[in-house]
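Contents: one structure, followed by commentary.
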Amino acid sequence: MTRLAGKRALVTGAAQGIGRATAELFAVEGATVFALDRNGDGLAGLAGCTPLVVDLLNGGEVDALAARVGTLDVLVNCAGYVDAGDILNADDHGYDLSFDLNVRATMRVIRAVLPAMVTAGRGSIVNIASVAGAMIGVPNRMAYCASKGALAGLTRSVAVDFVAKGIRCNAICPGTVQSPSLDQRLEATGDAAAARAAFIARQPMGRIGTSAEVAASALYFASDESAYTTGCLLAVDGGWTMA
Numbered sequence: 026m027t028r029l030a031g032k033r034a035l036v037t038g039a040a041q042g043i044g045r046a047t048a049e050l051f052a053v054e055g056a057t058v059f060a061l062d063r064n065g066d067g068l069a070g071l072a073g074c075t076p077l078v079v080d081l082l083n084g085g086e087v088d089a090l091a092a093r094v095g096t097l098d099v100l101v102n103c104a105g106y107v108d109a110g111d112i113l114n115a116d117d118h119g120y121d122l123s124f125d126l127n128v129r130a131t132m133r134v135i136r137a138v139l140p141a142m143v144t145a146g147r148g149s150i151v152n153i154a155s156v157a158g159a160m161i162g163v164p165n166r167m168a169y170c171a172s173k174g175a176l177a178g179l180t181r182s183v184a185v186d187f188v189a190k191g192i193r194c195n196a197i198c199p200g201t202v203q204s205p206s207l208d209q210r211l212e213a214t215g216d217a218a219a220a221r222a223a224f225i226a227r228q229p230m231g232r233i234g235t236s237a238e239v240a241a242s243a244l245y246f247a248s249d250e251s252a253y254t255t256g257c258l259l260a261v262d263g264g265w266t267m268a
C-alpha cells in the first residue's frame, strides 16, 4: 500500500525544486495533492496534482485557500526566498521579502487550513526551514538566517499549541540543495563554477543534496510513520552541522 493513500495534501512552492519533488512524490504515494505556486506555467507539467495558482504575498488569496482545498491531512510549506548580504549591506527590501515569504506567508497558510485540521482531529504540518538560521549561522545570509530562525520558532509554537488537538508540526532544515534557485544564485556571483566549488567544499559528504532527498523526509513527516514526532527540526544537510 502507498504511504499516503487517502490523504489530502497541500504543497506550496511546488513549481520547482524541493516543492516540486515533494508534490510529485506525494502523488506517487497515493495522496490527493494540491500543488500551489504563483508560477502557473511551472505547475503545468506536474502529474497527478491539482494546480493552484496563488500569490502567497497576497493575504486575501491565502485566506481563501481553506474554501479551495477543504480539510487537509498534510500541509508542506516550501515556498521561500534567499536574500544575500550581511547586516551592513543587505537592504530593507530583501529583509522584508524574506520575512513576508519565509515567515508571514507560512503563518497565513497554516492559519487558513488549521481550523479544519483541528475539527478533524488530525493533521501534519511540515515547514521547510534551513540549517541557516535555525541551526547555524551562514555568512552573507543575514535576512535568510533571521527569517528561517523565525520559521523554526513558528514550527515549535504551532507544535506545542496544538499537540493535544491531534496536530503535528515539524520542520526540515536542508543544507545546500540543487535547484533552479541555487543555479540562479550561483550565476549571480559572476563565477558560477567557483561558487559551486565553494559550496561543495563546505559539505562533509563532498556533494550538494538533491530535492528528492529532502522530499523523502517530507514524506516521512507526512505519513503515519512519524505519528509520535512533533516539534522536531530535522537537518538534511550532508553533515554540515555536525561540527
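In terms of the working numbering, the sequence shown opens at residue 26 and continues consecutively. Cβ coordinates follow ideal geometry from the N, Cα and C atoms, glycine included. Model, not experiment: these values are computed from the prediction.
**Message:** Mapping the DSSP letters down to three states, classify Ile192 as helix, strand or coil.
**Reply:** strand
**Prompt:** To the nearest angstrom, how far is it from the Cα of Gly178 to the Cα of Ala30?
**Reply:** 31 Å
**DSSP state of Thr57 mapped onto helix, strand, coil** = strand
**Prompt:** By DSSP, does Val107 sit in helix, in strand, or in coil?
**Reply:** coil
**Request:** Figure out for me which residue from Leu35, Ala89, Ala189, Glu238 has the closest Cα to the Cα of Gly73.
**Result:** Leu35
**Prompt:** Out of curiosity, what's the CA-to-CA distance linking Val188 and Thr255?
**Reply:** 8 Å
**Message:** Starting from Pro76, trace the beta strand (DSSP E) in both directions and tell me its first and last residue.
**Reply:** 74-78
**Asked** What do you get for Ile150, buried or exposed, if any count of 16 or more other CB atoms within 10 angstroms of its CB means buried?
**Response** buried
**For Gly234, the residue or residues it bridges with in DSSP** = Val202
**Prompt:** Using CA coordinates, which residue listed in Met167, Asn195, Ala168 is at the minimum distance from Ser251?
**Reply:** Asn195
**Item:** Euclidean distance between Cα positions of Phe59 and Ile112
**Value:** 37 Å
**Message:** If I measure Cβ to Cβ from Ala46 and keep anything under 6 Å in the same chain, skipping five residues before and after, which residues do I get?
**Reply:** Ser236, Ala237, Ala240
**Request:** Tell me whether the beta-carbon of Ile225 lies closer than 8 Å to the beta-carbon of Gly234.
**Result:** no
**Asked** Do Leu176 and Ala154 have their C-beta atoms closer together than 8 Å?
**Response** yes
**Request:** Taking only the alpha-carbon atoms, compute the straight-line gap between Gly148 and Ser248 and give it to the nearest angstrom.
**Result:** 10 Å
**Asked** Does DSSP classify Thr131 as helix, strand or coil?
**Response** helix
**Prompt:** Where do the N-terminal and C-terminal ends of the alpha helix (DSSP H) with Val156 fall, by residue?
**Reply:** 156-159
**Request:** Between the Cα of Ala171 and those of Val183, Ala184, Val156, Ser182, spot the shortest distance and give me the residue it belongs to.
**Result:** Val156
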